[in-house]
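Since the structure comes first, as structure tokens, the remarks are kept for the end.
Shown next as structure tokens:
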């Protein structure tokens, strides 16, 4: 679906307010990159350059074409460098000849300055870092991508003593350089198992990586429901009357203190075989229009799950980041 | 009582009065501007060609990648015992292939979007160049209009001077200060004639330089309009493909989505064809239109010794009359042209 141009700024600022209120932690895609992406998409920064604003109607989040336009501008901004920026005089000259053209030049200038200096969420990224190098090496992997249904997803895992690539594994730990080499197939494996259940993904990764999988999490930003988005049939339809942003996370690992399920929407898979010594923690947090909080409470009560929700309150239009 | 005559008041010219040297400088400046604009247009056309070619290649790669996915889907749909057996044996391999095809498709789509972003920014540059050329044409037109207006005012004063001269010459009564007055009127007549001729030369030289400037502006305007339309159409096609690619993540819907994707990739074929014809068209600009314009400018530069206006010493009363007549006749013709234009 396409948002009317006049509603784009409001939508993005409400989304941003929800994100900042929920303050996603390190299991989620980086908050700073999300905020910068939303700032870039906002016509307050980019004018009409990145429009039309396409929304994935399943998730209520920006759809791939809209996101890719921002990423394409970032590529251009970084390739051209600051010296390619137009001077104020050139912008004024363009304004004098044609107001709309001048506004586009100015917006492109603003957008490129933002994107040149700040990262935004990539379409897909796999990062491996050596988390512990004394004793048994521990590698932390983060795979960020636009998941099925257009949610922004991070799969994060910690593995101790992974098998080397030469030994059939997917990671090469170079202790002396504190670096980790990654087999390209690992990214494909993670992409392929976007729909695989967490426990099955744990088994797949255990096989692929060797070593001991200490912790595996899958966390999603989205969906973001707002009036105009068709709600899934298995959720209270009264929620259509306002804004609801979801942050959901599931973690399996030996370090999880107690298994808990705090997600009123999706029940745990029936007959789930938790890996030995591991526990599973699942939660879904909401930031919603204050009027919808009682409805969310009722939903949780009906499912026997306490609801983690906070109000999404209007906030002043943020002052533009100093560029 | 001797008759009293007065020298008709000076014409109310607008702007600066031209001189030979100033006209020469203006001509050189206009030619230099046109030449610089031609170089800029040539460079923009070449950049435009390279952007369009790269975009065409990326669209082609996106289409090829989509075709691979389509092939994989087709193999999945094949019935028959052998196909089923091969399918079960190669299940894992096919999953990998499919995943790679989807990832590859996403990468190609990102490359197309990057090219489209570059093309959109470049379209703005084309528009700016077209507007600047239009602004140059407008200011030349304004100058021509101003020169013609001054020429008409000068012609009216020449008429008044000539009339006064005739009246004095044919007067049977004594005229107060006759010799001095005649001397002053003759000087004014020659001076005014020269000014009228300089205004005429100013209008003539600008008209001559206006054609190449207009051609450059039209070339740039065409290039901008076509590029803007082309980028808009290619973006619409690529966006449709992008939506399908995003939907590919839903494994359960994959066959349907791949079928839909194929139709959007077919649309990309149309965008590619448009790219090719567009590139051919800009090639025409590079090999024919721009060299033609360049030759036209060169030819103007090579016109040696073109007189802009005569010298003050050579101005005669006949020449003054002829200048005034020409200016008034041109003004009348311009007025008639204006009516005809309004009637059209």
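Chains as they are written, first to last, in the numbering used here: chain A, 495 to 817; chain B, -17 to 326. C-beta: ideal position from N, C-alpha, C; glycine also.
### Task
Look up residue 550(A) in the DSSP assignment and say whether it is helix, strand or coil.
Taking the first chain and counting its residues from 1, one reaches residue 550(A) at position 56. Strand, per DSSP.
### Query
When we look at the beta-carbon of residue 194(B) and count the other beta-carbons within 10 Å, is it buried (16 or more) or exposed?
Residue numbering aside, residue 194(B) sits at position 212 when the second chain is read from its first letter. The residue is buried, with at least 16 neighbouring Cβ atoms inside 10 Å.
### Task
With DSSP as the reference, please indicate the residues paired to residue 614(A) in a beta bridge.
Here the question's residue 614(A) lines up with position 120 in the first chain. Per DSSP, residue 614(A) has no beta-bridge partner at all.
### Task
Quick one: list the residues of chain A neighbouring residue 88(B), beta-carbon separation under 7 Å, in chain order.
Counting from 1 along the second chain, the entry for residue 88(B) is found at position 106. Residues of chain A whose Cβ lies closer than 7 Å to the Cβ of residue 88(B) are, in chain order, 617.
### Query
Among 770(A), 692(A), 630(A) and 771(A), which residue has its Cα nearest to the Cα of residue 764(A)?
One-based indexing of the first chain puts residue 764(A) at position 270. Looking at the Cα atoms, 692(A) is the closest of the given residues.
### Message
For residue 334(B), report the span of its alpha helix (DSSP H) as first-last.
### Response
This structure does not reach residue 334(B), given that chain B is present from -17 up to 326, and the question cannot be answered.
### Message
In the DSSP assignment, the alpha helix (DSSP H) including residue 540(A) goes from what residue to what residue?
### Response
In the first chain, the residue the question calls residue 540(A) occupies position 46. First-last of the alpha helix (DSSP H) with residue 540(A): 537 to 540.
#### Entry: Any 3 or more C-beta pairs closer than 8 Å across the stretch 629 to 648 of chain A and the stretch 500 to 508 of chain A
Touching, no.
#### Entry: Exposed unless 16 or more other CB atoms sit within 10 angstroms - verdict on residue 554(A)
As a first step, residue 554(A) must be located in the first chain, where it is residue number 60. Label assigned to residue 554(A): buried.
### Task
With distances taken Cα to Cα, identify the nearest neighbour of residue 228(B) among 754(A), 617(A) and 671(A).
In the second chain, residue 228(B) corresponds to position 246, counting from 1. Nearest Cα to residue 228(B) within the set 754(A), 617(A) and 671(A): 617(A).
### Query
Relative to chain B, which residues along the stretch 711 to 745 of chain A have a C-beta separation below 7 Å, given in chain order?
Residues: none.
### Task
Give the single residue among 516(A), 639(A), 663(A) and 586(A) whose Cα lies nearest to the Cα of residue 561(A).
In the first chain, residue 561(A) corresponds to position 67, counting from 1. For the residues 516(A), 639(A), 663(A) and 586(A), the minimum Cα distance to residue 561(A) belongs to 639(A).
### Within 8 Å, strictly: CB atoms of residue 172(B) and residue -7(B)
For the purposes of this step, residue 172(B) is identified with residue 190 of the second chain, where counting begins at 1. For the purposes of this step, residue -7(B) is identified with residue 11 of the second chain, where counting begins at 1. Not closer than 8 Å, so no.
### Task
Keeping to the same chain, check which residues put their C-beta closer than 6 Å to that of residue 805(A); ignore five residues upstream and five downstream.
Residue mapping note: residue 805(A) aligns to position 311 of the first chain, counting from 1. Only 784 meet the Cβ criterion.
### Message
Please confirm whether residue -5(B) has its beta-carbon closer than 8 Å to some beta-carbon of chain A.
### Response
Within the second chain, residue -5(B) is the residue found at index 13, counting from 1. No, its Cβ sits nowhere closer than 8 Å to a Cβ of chain A.
### Task
On a CA-only basis, which of 741(A), 546(A) and 782(A) is nearest residue 735(A)? Give me that one, please.
The count along the first chain starts at 1 and reaches residue 735(A) at position 241. The candidate whose alpha carbon is nearest that of residue 735(A) is 782(A).
### Task
Alpha carbon to alpha carbon, how far is residue 730(A) from residue 706(A)? Give it in angstroms, no decimals.
Here residue 706(A) is taken as the residue at index 212 of the first chain, counted from 1. Here residue 730(A) is taken as the residue at index 236 of the first chain, counted from 1. Each residue's Cα considered, the two are about 41 Å apart.
#### Entry: Helix, strand or coil at residue 817(A) according to DSSP, with G and I counted as helix
Here residue 817(A) refers to the residue found at position 323 when the first chain is read from its first residue. In this prediction, residue 817(A) has a pLDDT of 39, which is less than 50 and means its spatial position is unreliable; what the coordinates show is noted afterwards. Reduced to three states, the DSSP call for residue 817(A) is coil.
### Query
So, is residue 611(A) buried or exposed, given that buried needs 16 or more other C-beta atoms within 10 angstroms?
Position 117 of the first chain holds residue 611(A). Residue 611(A) comes out exposed.
### Task
Measure how close the beta-carbons of residue 183(B) and residue 5(B) come, nearest whole angstrom, since I'm counting them as under 8 Å.
Along the second chain, one-based indexing puts residue 183(B) at 201. Along the second chain, one-based indexing puts residue 5(B) at 23. At roughly 6 Å, the Cβ-Cβ gap stays under 8 Å, so residue 183(B) and residue 5(B) are in contact.
### Query
In three-state DSSP terms, what is residue 772(A)?
Your numbering for residue 772(A) matches position 278 in the first chain. Of the three classes helix, strand and coil, the one that applies to residue 772(A) here is coil, per DSSP.
#### Entry: Under the three-state DSSP convention, the category residue 337(B) falls into
Because chain B is modelled from -17 through 326, residue 337(B) falls outside the range shown and cannot be assessed.
### Query
Is residue 716(A) near residue 748(A), with beta carbons less than 8 Å apart?
As a working mapping, residue 716(A) is identified with position 222 in the first chain. As a working mapping, residue 748(A) is identified with position 254 in the first chain. No; because the gap between Cβ atoms is not below 8 Å, this pair is not in contact.
### Query
Does residue 117(B) have its Cβ less than 8 Å from a Cβ in chain A?
Here residue 117(B) corresponds to residue number 135 of the second chain, with the count starting at 1. With 8 Å as the cut-off, residue 117(B) counts as an interface residue toward chain A.
### Query
Under a three-way DSSP split, which group does residue 696(A) fall into?
Mapped onto the first chain, residue 696(A) falls at position 202. In the structure shown, residue 696(A) sits in a helix (DSSP, three-state: H, G or I).
#### Entry: Within chain A, the residues that residue 6(B) reaches when beta carbons sit closer than 8 Å
Mapped onto the second chain, residue 6(B) falls at position 24. Going along chain A, no residue has its Cβ under 8 Å from residue 6(B), so there is no contact; the nearest lies around 28 Å.
### Message
Using the three-state DSSP reduction, which class does residue 802(A) fall into: helix, strand or coil?
### Response
Taking the first residue of the first chain as position 1, residue 802(A) is located at position 308. The three-state secondary structure of residue 802(A), taken from DSSP, is strand.
### Query
Roughly how many angstroms lie between the CA atoms of residue 536(A) and residue 773(A), to the nearest whole one?
Indexing the first chain from 1 puts residue 536(A) at position 42. Indexing the first chain from 1 puts residue 773(A) at position 279. Residue 536(A) and residue 773(A): Cα-Cα distance of roughly 41 Å.
### Query
Cα separation between residue 22(B) and residue 198(B)?
Taking the second chain and counting its residues from 1, the one referred to as residue 22(B) is at position 40. Taking the second chain and counting its residues from 1, the one referred to as residue 198(B) is at position 216. Distance between the alpha carbons of residue 22(B) and residue 198(B): 10 Å.
### Message
Counting C-beta neighbours from all protein chains within 10 Å, is the total for residue 650(A) 16 or more, i.e. buried, or is it exposed?
### Response
For this step, residue 650(A) is matched to residue 156 along the first chain. So residue 650(A) ends up on the buried side.
### Query
Pick from 24(B), -15(B) and 180(B): whose alpha carbon is nearest that of residue -2(B)?
Looking up residue -2(B) in the second chain gives position 16. With distances taken between Cα atoms, residue -2(B) lies closest to 180(B).
### Query
Looking at the unbroken alpha helix (DSSP H) that takes in residue 682(A), where does it start and where does it end?
Translated into the one-based positions of the first chain, residue 682(A) becomes position 188. Going by DSSP, residue 682(A) is part of the alpha helix (DSSP H) stretching over 678 to 686.
### Message
List, in chain order, every chain A residue whose beta-carbon is nearer than 9 Å to that of residue 92(B).
### Response
The count along the second chain starts at 1 and reaches residue 92(B) at position 110. Within 9 Å Cβ-Cβ: 562, 565, 566, 569 and 617.
### Message
For a test of the three-state rule: what should DSSP assign to residue 637(A), helix, strand or coil?
### Response
To locate residue 637(A), count along the first chain from 1; it is residue 143. Strand, per DSSP.
### Query
Going by DSSP, which residues form a beta bridge with residue 647(A)?
The sequence position of residue 647(A) within the first chain is 153, counting from 1. Paired residue(s): 639(A) and 714(A).
### Task
Sort out for me which residues DSSP pairs residue 111(B) with in a bridge.
Your numbering for residue 111(B) matches position 129 in the second chain. None, per the DSSP bridge assignment.
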